[in-house]
Amino acid sequence: MALDKGKIIKLMNEGLAMEYASQIQYLTQAAITTGPYADGLMARFAEIASDEMEHAKILRTRIAALGGVPTTKVGEIQIHKDSMQAVKINLRYERDTVDFYRKLLNLIPHDEVILYEAIEHVLQDSEEHVEELERLVGK
Ligand SMILES: [Fe+2]
Ligand SMILES: [Fe+2]
Numbered sequence: 001m002a003l004d005k006g007k008i009i010k011l012m013n014e015g016l017a018m019e020y021a022s023q024i025q026y027l028t029q030a031a032i033t034t035g036p037y038a039d040g041l042m043a044r045f046a047e048i049a050s051d052e053m054e055h056a057k058i059l060r061t062r063i064a065a066l067g068g069v070p071t072t073k074v075g076e077i078q079i080h081k082d083s084m085q086a087v088k089i090n091l092r093y094e095r096d097t098v099d100f101y102r103k104l105l106n107l108i109p110h111d112e113v114i115l116y117e118a119i120e121h122v123l124q125d126s127e128e129h130v131e132e133l134e135r136l137v138g139k
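Numbering follows our numbering, in which position 106 of the sequence shown is assigned residue number 106; successive positions increment by one, without gaps.
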């Protein structure tokens, strides 16, 4: 399987827009969340936002390395003040992200080691976010 650079750059830019949206979503929630466990959740949302910032950096670097231009678009953002609603929104977003990176990883040949491992890392973090949020909502 050869690397379809144009397709990969386009998909990675979609991922980058999602990472920007997710970062803003977590940061906003880190400021406005109320309800059960709000204090602990706000602290955790702020930390997760840093992971999303790192994911965005990884994607920008890899897009540029492939000869592409990193997008400045921001994906769709959803906010809810209530802590459990916020967790549910984030969980949906993280699950979509996991599906997205799994599909992307399947399009990358294993011998594209740096790119493959970069996306694998972002996927693994996203899976960890899903796992944590699932624990928080008890499912
Ligand atoms: Fe992310
Ligand atoms: Fe995440």
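Virtual Cβ for every residue (Gly too), placed ideally from N, Cα, C.
- Query: In whole angstroms, what is the alpha-carbon distance linking Gly-6 and Ala-38?
  - Reply: 43 Å
- With distances taken between CB atoms, is the gap from Tyr-101 to Ile-119 smaller than 7 Å? yes
- Query: In terms of alpha-carbon separation, which member of Ile-9, Pro-70 and Asp-96 lies closest to Lys-57?
  - Reply: Pro-70
- Query: Smallest Cα separation from Glu-132: which of Asn-90, Thr-28, Leu-107 and Leu-115?
  - Reply: Asn-90
- Is there at least one non-hydrogen atom of ligand 2 closer than 6 Å to the beta-carbon of Glu-94? yes
- Length of the line joining the Cα atoms of Gln-124 and Val-74: 22 Å
- Message: Does Met-12 pass the burial test, meaning 16 or more other C-beta atoms within 10 Å, or should it be called exposed?
- Response: buried
- Is the segment 106–113 touching the segment 52–66, taking contact as three or more C-beta pairs under 8 Å? no
- Query: Heavy atom of ligand 2 less than 6 Å from the Cβ of Ser-50, yes or no?
  - Reply: no
- Report all residues from its chain with a CB closer than 6 Å to the CB of Val-87; omit the five preceding and five following residues, and keep chain order. Leu-133, Leu-136 and Val-137
- Task: Give every residue of the same chain whose Cβ lies closer than 6 Å to the Cβ of Tyr-26, excluding the five residues on either side of it in the sequence, and list them in chain order.
- Result: Phe-45, Ile-48 and Ala-49
- Task: List the endpoints of the continuous alpha helix (DSSP H) containing His-121.
- Result: 113–137
- Message: For Met-142 and Thr-97, which I take to be in contact (beta-carbon distance under 8 Å), what is that distance rounded to the nearest angstrom?
- Response: Nothing can be reported for residue 142, as the shown portion of the chain is limited to 1 through 139.
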